[in-house]
Amino acid sequence: GSFIVSCVVTYYFTYGNTGKRLFELHTHHSNLTCFSEGTRVTEKIWGCCPGTWKPFGSSCYFISSEENFWAKSEQNCVGMGAHLVVINTETEQDFIIQQLNKTFSYFLGLSDPQGNGNWQWIDQTPYKENVRFWHQNEPNFSAEECASVVFWDGRGWGW
12 GSFIVSCVVT YYFTYGNTGK RLFELHTHHS NLTCFSEGTR VTEKIWGCCP
62 GTWKPFGSSC YFISSEENFW AKSEQNCVGM GAHLVVINTE TEQDFIIQQL
112 NKTFSYFLGL SDPQGNGNWQ WIDQTPYKEN VRFWHQNEPN FSAEECASVV
162 FWDGRGWGW
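If you're matching positions, the sequence shown starts at 12 in the working numbering and goes up one per residue.
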């Protein structure tokens with residue numbers, strides 16, 4: 012059986028000297044919050060996130076409250092010019108889980124469409140066996156085709 016969860020959406024935002032990515036983001040969102048990284052004018056990189064999204068590193072994060080299946084959640088993300096979240100580091104995972112409600116589980120952009128243990132990220136980022144945050148004994152059956160981050164009492168957050 013399937014279960015229904017919310018999604019975490021990311022949008023990559025480094026713009027540098029060109030406004031092209033900013034324009035693309037603005038076609039999906041009318042209210043942007045922009046900020047710069049770096050201390051001197053020559054090294055500043057500007058980033059923008061839609062108004063209600065949270066910036067971290069070079070991405071913007073949106074926690075959806077809509078309940079859907081994985082494919083529909085990804086479709087909704089694409090409609091916002093983004094995709095389900097791809098987690099690359101423990102620091103990124105820590106930031107994300109601070110935004111989440113322990114009552115719900117949240118889809119990741121990680122799937123195993125054939126159910127053969129060949130996990131892949133939605134943005135084609137290589138899946139690294141050593142960078143993962145599965146709960147102990149997860150994934151626990153071959154029919155699992157998508158991943159979510161969930162809070163378990165006594166075990167904390169994990170996939």
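Where is the CB? At the ideal position from N, CA and C, for every residue including glycine. Bear in mind the structure is a predicted one, so any value in this text is a computation, not a measurement.
- Three or more Cβ pairs closer than 8 Å define a contact, and the stretch 118 to 129 meets that threshold against the stretch 150 to 157.
- Residue ranges of uninterrupted beta strand (DSSP E) with 3 or more members are absent from the stretch 138 to 162; none lies entirely inside it.
- Under the three-state reduction of DSSP output, residue 108 falls in the helix class.
- For residue 67, the pairing in a beta bridge is given by DSSP as 70.
- Residue 111 and residue 74 have their C-alpha atoms spaced approximately 7 Å apart.
- Residue 84 carries a helical assignment under DSSP once its states are collapsed to helix, strand and coil.
- The C-beta of residue 93 has 16 or more other C-beta atoms within 10 Å across all chains shown, which makes the residue buried.
- Per the coordinates, the alpha-carbon of residue 113 lies some 19 Å from the alpha-carbon of residue 102.
- Residues 104, 169 and 170 of the same chain have their beta carbon placed closer than 6 Å to that of residue 144, with the five preceding and five following residues left out of the count.
- Apart from sequence neighbours up to five positions away, no residue of its chain approaches residue 87 with a beta-carbon distance below 6 Å.
- Selection 99, 147 and 159 evaluated against residue 118 yields 159 as nearest (Cα-Cα).
- Secondary structure at residue 128: coil, using DSSP grouped into helix, strand and coil.
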